[in-house]
Amino acid sequence: MIDVENLTVRFGPRSPLVVKGVGFSVPRGTAFGLVGESGCGKSTVLRAISGLNRNYGGRISLDGQPLEPNRSRSFFRSVQMVFQDPYGSLHPRKTVRSQLIEPLRNQNLPINAHIVEDVLKAVGLDPGLGYRFPHQLSGGQRQRVAIARALILDPPVLLLDEPTSALDVSVQAEILNLLADLQKERGLTYLLVSHDMAVIAHLCSRVAIMNAGEIVEETGIDQIRSGAVEHPYSRRLLSASHAYGKQEQRSIEELISF
Amino acid sequence: MTMPVSHPGPTPSGIRGWLLAPEPKGMLQALLQQLYQAWLRFREHPLGLVGLVVILLLIVTATAAPLLTQYDPIAQNMADRLAPPSFEHLLGTDNFGRDVFARIIYGARTTLNIIILVTIIVAPIGLLIGTCSGYFGGIVDEVLMRITDIFLSFPGLVLALGFAAALGPGITNAIIAISLTAWPPIARLARAETLSLRQMDYIAAVRLQGASSAAIIMRHILPMCIPSVIVRVTLNMASIILTAAGLGFLGLGAQPPWPEWGSMAATGREFMLDSPWVIAAPGIAIAAVSLAFNLVGDALRDVLDPRGTE
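Chains as they are written, first to last, in the numbering used here: chain H, 19 to 276; chain P, 7 to 316.
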């Protein structure tokens, strides 16, 4: 569904490359994880794919069709993005309902009477919240609204930029379960960026490990679980996340198993 | 983040309950609830309330002028000139025997007229230039901001004087002249707001919906700039009123015999020692209204500008 070949990104004409020739492909209906420490360029890859950053080199194709750096309007009906911080990704002075209608208005699509209620129910929110403002919602509810906004155009592809890292642990598990359910129901293709191995392991079937702007290793999720990774950086990252996040990871896994 | 102002005890009923209901049922209720929340916060500023009362008084006075006095503000009565304040003439009469109280009341119309027209001209121009400049950046930003700089570099009153002199004295030209000097600070403010807003994820999210630049500016960036622009315009209103009065004082604003506080002060100057009420009344009116706008502006800044309080 998404093919990335030799992607390079630099900020400014003379600055060094931030992303140095990254390539991977995500088959339709699967979830692909990009993992790495902060500043390794994983979010930059996502912003290039989404069309937010137009200054990139290399080739990005969707469904076999190569994409122009200036994305067409119809592209956004196929690819939507969920941002990291639900406190920054919703317009503070618009009601939930008007934020959800906005994608339809921008795409000149008809606004069906029940569409807002339906999408709110799909993400597990009470439709009665439609006329609230974001500051009247909790962090988890906001992230659900952000997911609903991405889903309202019914795109086959969702780009997820650390969708749970700004939430506390119990809410993280709810959001991850919601994303997993939505993928199953709708056959969505996910590209998930995270620094959290547990989050990646819960959603993704394949993982690319990034370091300093390059993919050092691409592997299946079972290899990650069993620790059978080859590259020394991957091994270091894996052991670091085990050592650091043991407590937290266990509590996430317990919550997920409910 | 902040939840709406809490209301202890049993849930209030009636209109208050409707305004504080946790789940608004429609767009109108949601908007009125936001306004009510703002009002609850505004109410906590006693000085702001004083200012608001003065401004409301100005509006009522201006609209109901003929009901508040039986005198014609223009009719001269030379037999009764420079009469001191009495029950017949509450604030005395001026050098043409015109009732000063009536002229103050009708002068409120002139002042309100200037305030409304300047706001209508200045706020949209400043907002549009500022948001476009901030959003597009690059060459658009350069050109628009250099134009703004040119207007900013003129001293306000001098530019207004030049304009009023070139176009001829009169209230309309005074309003145009004041507007010309009042929009650049608004544009600067809107540009600065836009520069930080366009980095926000919620603007990125709208871009990822395929929205046009015009839609992003008009529907998403502009509404975020409006609160600080309201505050700025309110706080600038004092200097706008003073500039208008200054132009009137110099004879370049509203033309006699039509009452205008600035020109009333100018005529009162000649009789200041013997008949102080002729200059004191318009002077106090100008000061009170300017002060009221400053007080309301300060309170509004606390209510609308999220940076100060939350």
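Think of the CB as a built atom: it goes at the ideal place given N, C-alpha and C, for glycine as much as any other residue.
Kindly list, in the order they appear in chain H, the residues whose Cβ is closer than 7 Å to that of residue i.
i	result
residue 217 of chain P	124
residue 44 of chain P	By Cβ distance, chain H contributes nothing, its closest Cβ being about 12 Å from residue 44 of chain P, past 7 Å.
residue 230 of chain P	111
residue 221 of chain P	124
Give the residues of chain P in contact with residue i, contact being defined as C-beta atoms less than 9 Å apart.
i	result
residue 74 of chain H	Ordered by position in chain P, no residue passes the 9 Å Cβ test against residue 74 of chain H, which lies about 16 Å from the chain.
residue 113 of chain H	30, 33, 36, 37
residue 167 of chain H	211, 215
residue 143 of chain H	Here the premise fails: no neighbours, minimum Cβ distance about 12 Å.
So, for residue i: in the same chain, excluding its five sequence neighbours on each side, which residues have a beta-carbon less than 8 Å away from its beta-carbon?
i	result
residue 149 of chain H	113, 114, 115
residue 242 of chain H	215, 218, 219, 225, 256
residue 55 of chain H	213, 229, 255
residue 58 of chain H	228, 229, 230, 231
residue 246 of chain P	120, 121, 124, 184, 188
Which of the three DSSP states is assigned to residue i in this structure?
i	result
residue 236 of chain H	strand
residue 37 of chain H	strand
residue 290 of chain P	helix
residue 113 of chain H	coil
residue 51 of chain H	strand
residue 80 of chain H	strand
residue 50 of chain P	coil
residue 248 of chain H	coil
residue 222 of chain P	helix
residue 181 of chain P	helix
residue 99 of chain H	strand
residue 75 of chain P	coil
residue 15 of chain P	Only weak support is given to the placement of residue 15 of chain P: the predicted model assigns it a pLDDT of 48, under 50, and the question is left unresolved by the model.
residue 42 of chain P	helix
residue 80 of chain P	coil
Taking residue i as the query, report the chain P residues whose CB atoms sit under 8 Å from its CB, ordered along the chain.
i	result
residue 121 of chain H	215
residue 103 of chain H	207
residue 59 of chain H	What residue 59 of chain H touches in chain P: nothing, since even the nearest Cβ is about 18 Å away.
residue 255 of chain H	Near residue 255 of chain H there are no residues of chain P at all, since even the closest Cβ is about 27 Å away, more than 8 Å.
In chain P, what lies closer than 7 Å to residue i by C-beta?
i	result
residue 109 of chain H	208, 226
residue 91 of chain H	216
Within the same chain, show all residues whose beta-carbon is closer than 6 Å to that of residue i, passing over the 5 residues directly before and after it, in chain order.
i	result
residue 300 of chain P	244
residue 75 of chain H	26
residue 131 of chain P	189
residue 251 of chain P	267, 268, 292
residue 197 of chain P	136, 139, 140
Using only alpha-carbon positions, find the residue among the options that is nearest to residue i.
i	options	result
residue 46 of chain H	H:239, H:246, H:175	H:175
residue 26 of chain P	P:32, P:43, P:33, P:34	P:43
residue 167 of chain H	H:43, H:137, H:238	H:137
residue 157 of chain H	H:121, H:101, H:78	H:101
residue 223 of chain H	H:90, H:29, H:43, H:32	H:43
residue 114 of chain P	P:38, P:78, P:45, P:64	P:64
residue 146 of chain H	P:31, P:21, P:296, P:165	P:31
residue 36 of chain P	H:151, H:22, H:122	H:151
residue 167 of chain P	P:95, P:220, P:142, P:255	P:255
residue 111 of chain H	P:287, P:216, P:228	P:228
residue 22 of chain P	P:33, P:153, P:39	P:39
Residues of chain H with CB under 8 Å from residue i, in chain order?
i	result
residue 191 of chain P	Ordered by position in chain H, no residue passes the 8 Å Cβ test against residue 191 of chain P, which lies about 23 Å from the chain.
Could you work out which residues of chain H lie near residue i, taking near to mean beta carbons separated by less than 9 Å?
i	result
residue 235 of chain P	Within 9 Å Cβ-Cβ: nothing; residue 235 of chain P doesn't reach chain H, min ~14 Å.
Which same chain residues end up closer than 7 Å to residue i when comparing Cβ atoms and leaving out the 5 residues on each side of it in sequence?
i	result
residue 201 of chain P	140
residue 63 of chain H	25, 37, 40, 52
residue 285 of chain P	271, 274, 275, 278
residue 118 of chain H	134, 137, 166, 167, 170
residue 192 of chain H	158
* **Runs of alpha helix (DSSP H) lying entirely within the region 149–197 of chain H, each at least 4 residues, in chain order** => Runs found: 157–169.
* Complete runs of the alpha helix (DSSP H) confined to the region 121–176 of chain P [at least 4 residues] -> Listed in chain order, they are 144–159, 162–173.
* Contiguous alpha helix (DSSP H) assignments of at least 4 residues, all confined to the region 192–228 of chain H -> The alpha helix (DSSP H) runs lying completely inside the region 192–228 of chain H and spanning 4 residues or more are 215–221, given in chain order.
* Please go through the region 222–264 of chain P and give each complete alpha helix (DSSP H) segment of 4 or more residues, from N-terminal end onward. => If one requires a minimum length of 4 residues, the alpha helix (DSSP H) runs lying completely within the region 222–264 of chain P are 228–255, in chain order.
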